[in-house]
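K.L.:
Anchor point for the sequence shown: position 98 equals 113 in the numbering used here, and the numbering is continuous, going up by one each time. The C-beta atom is built at its ideal place from N, Cα and C for all residues, glycine as well. None of the values given here were measured: they were computed from a predicted structure. My questions all concern the structure below.
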Amino acid sequence: MPFKKKSKSTHKPDSKSKDRLRSKVKIPVQYWLIDEKKQPAKERGHIALAKDLSPEGMYIKTGKRLELGDILRLEIYIRHKTKHIYALAEVVWTDKKGGGLHLMLMPEEDKDSLQKYLAKVELPPLFDPHWHKHK
Numbered sequence: 016m017p018f019k020k021k022s023k024s025t026h027k028p029d030s031k032s033k034d035r036l037r038s039k040v041k042i043p044v045q046y047w048l049i050d051e052k053k054q055p056a057k058e059r060g061h062i063a064l065a066k067d068l069s070p071e072g073m074y075i076k077t078g079k080r081l082e083l084g085d086i087l088r089l090e091i092y093i094r095h096k097t098k099h100i101y102a103l104a105e106v107v108w109t110d111k112k113g114g115g116l117h118l119m120l121m122p123e124e125d126k127d128s129l130q131k132y133l134a135k136v137e138l139p140p141l142f143d144p145h146w147h148k149h150k
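This is the structure in structure tokens:
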């Protein structure tokens, strides 16, 4: 049976998508297009800002247009972590400010670090009567 590629969209997912489960963040991300020609050693890649994040994907705001299907090598800079999180991701949708990425490949250690980080940034439980005082 031949492999069928998923259809891709240039539009943001609708509010009923699984993206509702993403945590709102502001995390620096450095990325490189996998098919970019070899760059000088001083080239640091492109800088972006992750605006939401989940174990499966993220939205990044970039200063450069992303193309559907681009494969990116990512370094995700999570606070209070001495080592960056590394991943390969595919651009699955774009808008004028950035794009939605599907995290495809990540070392197990980094997956664990990401899960722990996301558990810390989740909203407090709704039953906490003091939560509104901490905002």
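Between Met119 and Leu103, how many whole angstroms is the CB-CB distance? I'm expecting something under 8 Å.
P.N.:
Confirmed, Cβ separation roughly 5 Å.
K.L.:
With DSSP as the reference, label Lys39 as helix, strand or coil.
P.N.:
Strand, per DSSP.
K.L.:
Which word fits Glu124, buried or exposed, when buried means at least 16 other C-beta atoms lie within 10 angstroms of its C-beta?
P.N.:
Exposed.
K.L.:
Met110 by DSSP, collapsed to three states: which one?
P.N.:
A quick correction: the sequence has Asp, not Met, at residue 110. Residue state, collapsed to three classes: coil.
K.L.:
I need the DSSP call for Lys79, collapsed to helix, strand or coil.
P.N.:
Lys79 falls in the coil class under three-state DSSP.
K.L.:
Consult DSSP for Tyr92 and reduce its assignment to one of helix, strand or coil.
P.N.:
Coil.
K.L.:
Ala134 to Glu90, Cα distance in whole Å?
P.N.:
Distance between the alpha carbons of Ala134 and Glu90 is about 20 Å.
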